[in-house]
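**Q** Can you read through this structure? Questions will come right after.
Here you go:
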């Protein structure tokens, strides 16, 4: 049998002669991550986690018949703040996408 056929196919891909692992390639690649896009993504993650926690709290308070707390959580001021945060995150995503495609 041929020696090359006995080798693991993964070991054939991980040779040091591969053009993907050359230092020239790593130096030529730019790491220009859009900071606004990263921060907005993080903001969206925490906003969605907050909404999940809010939904869990509503379910728990509904199970225990805590209607006064549910009324406070479903008040107009709380919902308006959620809408404001969602709209500002959407606008930040739009600005980040425009900047990403522009530059």
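Residue numbers (the working numbering): 8 to 110. Ideal Cβ positions, reconstructed from N, Cα and C, are used throughout, including at glycine. Bear in mind that the values here come from a model prediction, so they are computed numbers and not experimental data.
#1: Quick check: the Cα distance between residue 110 and residue 88, rounded to an integer number of angstroms?
#2: Since I believe residue 102 is in contact with residue 43 (beta carbons under 8 Å), could you give me their beta-carbon distance rounded to a whole number of angstroms?
#3: Excluding five sequence neighbours on each side, which residues of the same chain lie with their C-beta closer than 6 Å to the C-beta of residue 68?
#4: Quick check on residue 57: buried or exposed, where buried means 16 or more other Cβ atoms within 10 Å of its Cβ?
#5: What does the Cβ neighbour count give for residue 5, buried or exposed, with the cut at 16 atoms within 10 Å?
**A** Well, looking at it:
#1: In the chain shown, counting from the first residue as 1, residue 110 sits at position 103. In the chain shown, counting from the first residue as 1, residue 88 sits at position 81. Computed Cα separation, rounded: 33 Å.
#2: What you label residue 43 is simply residue 36 of the chain shown in a count that begins at 1. What you label residue 102 is simply residue 95 of the chain shown in a count that begins at 1. The distance from the Cβ of residue 43 to that of residue 102 is about 7 Å, consistent with a contact at the 8 Å cut-off.
#3: Along the chain shown, read from residue 1 onward, the residue named residue 68 stands at position 61. 76 and 77.
#4: For the purposes of this step, residue 57 is taken as residue 50 along the chain shown, with counting starting at 1. Classification of residue 57: exposed, given that the 10 Å Cβ count is below 16.
#5: Outside the modelled stretch of the chain, which goes from 8 to 110, sits residue 5, for which no answer is possible.
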